[in-house]
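K.L.:
Quick one: this structure, given as structure tokens, is what I'll be asking you about.
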Amino acid sequence: MASTVEVDEENGKSSSPALTHNVSNSNMGSVDASNLNPIANPIAPGKNSFEKWQLIHVIDMGTSSMINNIRVWRSGSLGANAIHLTNATSSSYGGETKYRTPTDSTSTAAVFSMPTTAPGSANLGIGGSLTGSLTKSGYSDFLVHQIQTTEAALAGSTTVMNYQFDETA
Numbered sequence: 001m002a003s004t005v006e007v008d009e010e011n012g013k014s015s016s017p018a019l020t021h022n023v024s025n026s027n028m029g030s031v032d033a034s035n036l037n038p039i040a041n042p043i044a045p046g047k048n049s050f051e052k053w054q055l056i057h058v059i060d061m062g063t064s065s066m067i068n069n070i071r072v073w074r075s076g077s078l079g080a081n082a083i084h085l086t087n088a089t090s091s092s093y094g095g096e097t098k099y100r101t102p103t104d105s106t107s108t109a110a111v112f113s114m115p116t117t118a119p120g121s122a123n124l125g126i127g128g129s130l131t132g133s134l135t136k137s138g139y140s141d142f143l144v145h146q147i148q149t150t151e152a153a154l155a156g157s158t159t160v161m162n163y164q165f166d167e168t169a
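Here the sequence shown stands for residues 1 to 169, numbered as in full-length UniProt numbering.
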């Protein structure tokens, strides 16, 4: 049996965060909420989305002995007037980012461009390291990401978040 893995999201103040297990979407918007409706909570042109603070959660290892090499990227284009930033990077990974209250100000955690193709190697760590691994139930480091727009941004861009990892039997 393969492992059981979900994407979780933390929201709210850092002093009392709320963890949502198995989010149904990674929609970005003008509120700090999981599973949000972007039509009801649009990102205004010239503004930023609230940061997303997400985790890859291994619930059950099944018959697997190890999970590692986590890669995240976005498929699709936001257009010329928006950028998708993240803390996930294969080259300058800063280690584990501690949870902070999500902000719609310019993120200090999400500073790298979100890849638009599958990275060749891990870009999200486990235990603060890109070479980290899980051998029992547990979590990745936080994936922090944010969309920043210019005044010329148009509503309606849709992209897909991709999450991939290696699983050893």
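All residues carry an ideal CB built from backbone N, CA and C; glycine is no exception.
#1: Can we say the segment 104 to 112 touches the segment 56 to 67, given the rule of at least three CB pairs closer than 8 Å?
#2: So, at 6 Å on beta carbons, what are the nonlocal neighbours of T116 in its own chain, with the 5 sequence-adjacent residues on each side left out?
#3: I'd like to check one pair, G76 with S50: are the Cβ atoms closer than 9 Å?
#4: Looking at the unbroken beta strand (DSSP E) that takes in H145, where does it start and where does it end?
#5: Should the segment 120 to 130 be called in touch with the segment 30 to 37, which here means at least 3 C-beta pairs below 8 Å?
#6: Candidates N25, A80, A152, P17: which alpha carbon is nearest N37's?
#7: How is N11 classed by DSSP in three states: helix, strand or coil?
#8: Look at the Cβ atom of G46, then the Cβ atom of A155, and state whether they are nearer than 9 Å.
#9: What is the rounded straight-line gap between the Cα of E10 and the Cα of P102?
#10: Using only the alpha-carbon positions, how far apart do V160 and N27 sit?
#11: Return yes when at least one heavy atom of the ligand FMN lies under 8 Å from the C-beta of S129, else no.
#12: Work out the CA separation of G128 and T106 for me, nearest whole Å.
P.N.:
This is what the structure gives:
#1: no
#2: Apart from the 5 residues on each side of it in sequence, T116 sits with its Cβ closer than 6 Å to the Cβ of R74 in its chain, given in chain order.
#3: According to the sequence displayed, residue 50 carries Phe and not Ser. It is not a contact, given that the beta carbons lie outside the stated cut-off.
#4: 143 to 149
#5: With the cut-off at 8 Å, the segment 120 to 130 and the segment 30 to 37 do not touch.
#6: N25
#7: strand
#8: no
#9: 9 Å
#10: When rounded, the distance between both Cα atoms is 9 Å.
#11: Here there are no bound small molecules, and the ligand FMN is not part of this structure.
#12: 23 Å
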